[in-house]
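S.K.: Structure below; questions to follow.
There are 2 protein chains.
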Amino acid sequence: MDSLRILVVDDEARMRKIVRDFLVAKQYIVIEASNGEEALDIVYKNKNIDLVILDVMMPKMDGWECCKEIRKFSKVPIIMLTAKGEESDELQGFDLGIDDYISKPFSPKILVARIDALLHRTYKLDEVDIIKAGRLEINKTSHIVTVDGKTVELSYKEFELLCYFVENKGIALSREKILNSVWNYDYFGDARTIDTHVKKIRSKLGECGEYIKTIWGMGYKFEVDE
Amino acid sequence: MDSLRILVVDDEARMRKIVRDFLVAKQYIVIEASNGEEALDIVYKNKNIDLVILDVMMPKMDGWECCKEIRKFSKVPIIMLTAKGEESDELQGFDLGIDDYISKPFSPKILVARIDALLHRTYKLDEVDIIKAGRLEINKTSHIVTVDGKTVELSYKEFELLCYFVENKGIALSREKILNSVWNYDYFGDARTIDTHVKKIRSKLGECGEYIKTIWGMGYKFEVDE
DNA sequence: TCCTGTCGTGATGATTTCATAAGGACCCCT
DNA sequence: AGGGGTCCTTATGAAATCATCACGACAGGA
Chain A
0 MDSLRILVVD
10 DEARMRKIVR
20 DFLVAKQYIV
30 IEASNGEEAL
40 DIVYKNKNID
50 LVILDVMMPK
60 MDGWECCKEI
70 RKFSKVPIIM
80 LTAKGEESDE
90 LQGFDLGIDD
100 YISKPFSPKI
110 LVARIDALLH
120 RTYKLDEVDI
130 IKAGRLEINK
140 TSHIVTVDGK
150 TVELSYKEFE
160 LLCYFVENKG
170 IALSREKILN
180 SVWNYDYFGD
190 ARTIDTHVKK
200 IRSKLGECGE
210 YIKTIWGMGY
220 KFEVDE
Chain B
0 MDSLRILVVD
10 DEARMRKIVR
20 DFLVAKQYIV
30 IEASNGEEAL
40 DIVYKNKNID
50 LVILDVMMPK
60 MDGWECCKEI
70 RKFSKVPIIM
80 LTAKGEESDE
90 LQGFDLGIDD
100 YISKPFSPKI
110 LVARIDALLH
120 RTYKLDEVDI
130 IKAGRLEINK
140 TSHIVTVDGK
150 TVELSYKEFE
160 LLCYFVENKG
170 IALSREKILN
180 SVWNYDYFGD
190 ARTIDTHVKK
200 IRSKLGECGE
210 YIKTIWGMGY
220 KFEVDE
């Protein structure tokens with residue numbers, strides 16, 4: 000994932016610096032604005048801003064106002080920085096379309112956690128679903144399997160079957176169970192078709208193919224040797 | 000696996016509908032409650048609820064309170080729906096015995112993914128079926144037998160037979176009974192075949208083989224010496 | 001073409017049978 | 001009572017039989 004671009008809007012340079020330092024440390028790209036109008040301008044011209052951190056208290060155009068304006072043309076996630084005692088403003092904030100708020104003073108942990116959470120919610124970053132097993136890595140999101148980092152080409156069914164094995168590692172699986180889970184429940188074909196798929200997966204995975212164990216008279220089991 | 004039953008608790012009908020639609024699409028059975036007390040009642044009376052999705056903000060009895068009450072008599076997995084900015088409550092939530100939380104607003108994918116993950120955590124692991132007897136351990140799920148922690152390779156029939164013995168430890172079993180239980184009822188071969196299997200199991204189990212006692216003129220009995 | 005599923009074959013391992021040895025129970029005889 | 005014989009049961013090892021699996025090849029379909 001490439002670095003995400005975060006716009007920090009605050010009239011106090013000191014505050015911007017604090018926030019920037021935390022974010023830069025977390026590999027984000029930070030753009031700064033010292034007032035609402037400038038922020039509006041930047042968001043408008045740079046369509047690639049991924050998140051806006053907006054201070055409430057600013058001269059000329061305050062945070063709420065700025066937020067309202069941004070929402071007229073953009074759905075970029077916005078986090079508001081509110082000073083203490085402004086909790087009553089929360090509801091207003093949510094109505095205006097902010098996605099989260101952080102009360103000052105805040106800890107760096109809170110700041111980064113909230114940003115991460117919001118970015119995840121918004122861009123669904125955490126849906127990346129990776130399962131590792133020994134030298135094997137399965138990325139369910141991108142449908143990619145690697146052995147020692149090298150990509151292995153699997154067909155759709157092979158991928159499904161492998162996922163099922165890995166998700167049930169250590170469990171002895173009968174052919175019937177496998178058929179019912181990986182194939183549609185209305186599939187009544189030959190259970191031997193599993194053998195064929197297992198064979199192909201094993202050969203494609205190379206040495207990792209041995210992770211799929213045959214349990215004689217029973218079925219298969221996925222297990223990583225120690 | 001049959002359809003799992005999920006209880007959705009939220010005072011807003013609109014919210015319940017959103018969640019319900021996603022879950023029904025995923026083949027879950029959805030039960031609804033519009034407040035904490037109702038939820039409590041449903042969980043108490045229907046022991047077959049497999050998961051509870053609980054909104055935090057509810058009139059009368061809120062989510063935390065409801066969770067605490069449910070935990071007094073049930074271990075059913077609970078996912079909390081928290082509104083924005085309630086992240087600080089997280090820790091409290093986990094103390095109260097919730098299993099996961101999802102911040103609003105959430106994507107359907109997140110919701111379903113978390114539910115799936117939690118159900119797997121909760122019920123898959125419970126499927127692990129381990130029987131211990133002296134220095135012997137039988138893992139029925141992964142079809143593994145160990146003596147003093149060392150794996151012993153048993154064939155399918157041997158495994159079945161050993162399980163039968165262990166599950167009936169202390170009970171004298173006639174050959175006929177064993178045949179009828181471990182072999183298919185339509186097997187009419189020689190009962191001597193049991194002897195052969197017992198012999199193989201005994202030798203494979205080493206010293207633990209002595210757990211299988213011969214009862215002269217009768218059959219066998221599994222018993223761990225003190 | 002590539003994916004998926006089916007089939008036949010030989011190899012492998014599991015199961016059963018069989019022959020024989022070993023062991024226990026019982027009885028008779030001293 | 002105890003030794004020895006006999007009968008019946010169980011243990012053992014080997015051989016025969018049987019079932020399952022891996023593999024290659026192929027067919028139908030997207």
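Line order of the protein sequences matches chains A and B. Counting from 0, one number per residue, gives the positions in the first sequence under numbering that gives the first Met the number 0. Counting from 0, one number per residue, gives the positions in the second sequence under numbering that gives the first Met the number 0. For glycine and all other residues, C-beta sits at the position ideal for the given N, C-alpha and C.
Cβ of residue 160 (chain B) within 8 Å of Cβ of residue 200 (chain B)?
M.R.: yes
S.K.: If residue 144 (chain B) and residue 158 (chain B) are in contact, beta carbons under 8 Å, what's the gap, nearest whole angstrom?
M.R.: 7 Å
S.K.: Would you kindly check if the distance between the Cβ of residue 132 (chain A) and the Cβ of residue 165 (chain A) is under 8 Å?
M.R.: It is a contact, given that the beta carbons lie within the stated cut-off.
S.K.: Looking at C-beta atoms only, is the number of pairs between the region 5 to 19 of chain B and the region 216 to 224 of chain A that lie closer than 8 Å three or more?
M.R.: no
S.K.: Would a check of beta-carbon distances place residue 78 (chain A) closer than 8 Å to chain B?
M.R.: no
S.K.: Mapping the DSSP letters down to three states, classify residue 55 (chain A) as helix, strand or coil.
M.R.: coil
S.K.: Please tell me whether residue 141 (chain B) has its Cβ less than 8 Å away from any Cβ of chain A.
M.R.: Closer than 8 Å to some Cβ of chain A, the Cβ of residue 141 (chain B) qualifies, so yes.
S.K.: Where does the unbroken beta strand (DSSP E) through residue 102 (chain A) begin, and where does it stop?
M.R.: 99 to 102
S.K.: Looking at the strands, I want to know which residues DSSP matches up with residue 218 (chain B).
M.R.: B:173, B:214
S.K.: Do you know how far the Cα of residue 172 (chain A) is from the Cα of residue 169 (chain B)?
M.R.: Just so you know, the alpha carbons of residue 169 (chain B) and residue 172 (chain A) end up roughly 30 Å apart.
S.K.: Going straight from the alpha carbon of residue 206 (chain A) to that of residue 196 (chain A), what length do you get?
M.R.: The C-alpha of residue 206 (chain A) lies about 16 Å from the C-alpha of residue 196 (chain A).
S.K.: When the Cα atoms are used, what is the spatial distance from residue 178 (chain A) to residue 189 (chain A)?
M.R.: 9 Å
S.K.: Can a CB atom of chain B be found closer than 8 Å to the CB of residue 82 (chain A)?
M.R.: no
S.K.: Can you tell me where the beta strand (DSSP E) with residue 143 (chain B) in it begins and where it stops?
M.R.: 143 to 146
S.K.: Compute the distance between the beta-carbons of residue 30 (chain A) and residue 52 (chain A), then report whether it is under 8 Å.
M.R.: no
S.K.: When DSSP labels each residue in this structure, what does residue 81 (chain A) get in the three-state scheme?
M.R.: In the structure shown, residue 81 (chain A) sits in a strand (DSSP, three-state: E or B).
S.K.: Any idea if residue 81 (chain B) is buried or exposed, counting beta-carbon neighbours within 10 angstroms, 16 or more meaning buried?
M.R.: buried
S.K.: Provide the residue span of the alpha helix (DSSP H) that contains residue 69 (chain A), from first to last.
M.R.: 62 to 69
S.K.: Which residues, taken in chain order from the region 141 to 156 of chain B, show a beta carbon closer than 7 Å to some beta carbon of chain A?
M.R.: 141, 142, 154, 155
S.K.: Find out if the Cβ-Cβ distance for the pair residue 66 (chain A), residue 77 (chain A) is shorter than 8 Å.
M.R.: yes
S.K.: Could one say the Cβ of residue 130 (chain A) lies closer than 8 Å to chain B's Cβ atoms, at least one of them?
M.R.: At least 8 Å separates the CB of residue 130 (chain A) from every CB of chain B.
S.K.: Taking C-alpha atoms, which residue in A:212, A:99, A:39 lies nearest to residue 141 (chain B)?
M.R.: A:212
S.K.: What are the residues of the region 193 to 225 of chain A that lie near chain B, defined by any Cβ-Cβ distance shorter than 8 Å?
M.R.: Taken in chain order, the members of the region 193 to 225 of chain A whose beta-carbon sits within less than 8 Å of a beta-carbon on chain B are 214, 215, 216, 217, 220, 222.
S.K.: DSSP three-state label for residue 140 (chain B), please.
M.R.: coil
S.K.: Please name the residue in A:115, A:192, A:11 whose C-alpha comes closest to that of residue 3 (chain A).
M.R.: In this structure, A:115 is the residue among A:115, A:192, A:11 with its C-alpha nearest to the C-alpha of residue 3 (chain A).
S.K.: Span of the alpha helix (DSSP H) holding residue 37 (chain A)?
M.R.: 35 to 44
S.K.: Could you check if residue 24 (chain A) is buried or exposed, using at least 16 other CB atoms within 10 Å of its CB as the buried criterion?
M.R.: exposed
S.K.: Drop a sphere of 10 angstroms on the beta-carbon of residue 59 (chain A), count the other beta-carbons inside from all chains shown, and report buried for 16 or more, exposed for fewer.
M.R.: With fewer than 16 other Cβ atoms inside 10 Å of its own Cβ, residue 59 (chain A) counts as exposed.
S.K.: Out of A:128, A:151, A:34, point me to the one whose CA is closest to residue 134 (chain A)'s CA.
M.R.: Looking at the Cα atoms, A:151 is the closest of the given residues.
S.K.: Residues in the same chain with beta-carbon distance under 8 Å from residue 41 (chain B), minus the five sequence neighbours each way, listed in chain order, please.
M.R.: Closer than 8 Å at the Cβ level, and outside the excluded window around residue 41 (chain B), lie 6, 30, 32, 48.
S.K.: Smallest Cα separation from residue 208 (chain A): which of A:63, A:136, A:186, A:187?
M.R.: A:136
S.K.: Output needed for residue 43 (chain B): all residues of its chain with C-beta closer than 7 Å, excluding positions within five of it in sequence on either side, in chain order.
M.R.: Within the same chain, residue 43 (chain B) has close Cβ partners 72.
S.K.: Would you say residue 177 (chain A) faces chain B, with C-beta separation under 8 Å as the test?
M.R.: no
S.K.: Closer than 6 Å by C-beta to residue 57 (chain B): which residues in its own chain qualify, once you throw out the five before and the five after it? Chain order, please.
M.R.: 10, 34, 35
S.K.: Starting from residue 17 (chain A), trace the alpha helix (DSSP H) in both directions and tell me its first and last residue.
M.R.: Per DSSP, residue 17 (chain A) belongs to the alpha helix (DSSP H) from 12 to 24.
S.K.: When you compare each of B:75, B:185, B:156 to residue 194 (chain B) by their alpha carbons, which one comes out closest?
M.R.: B:156
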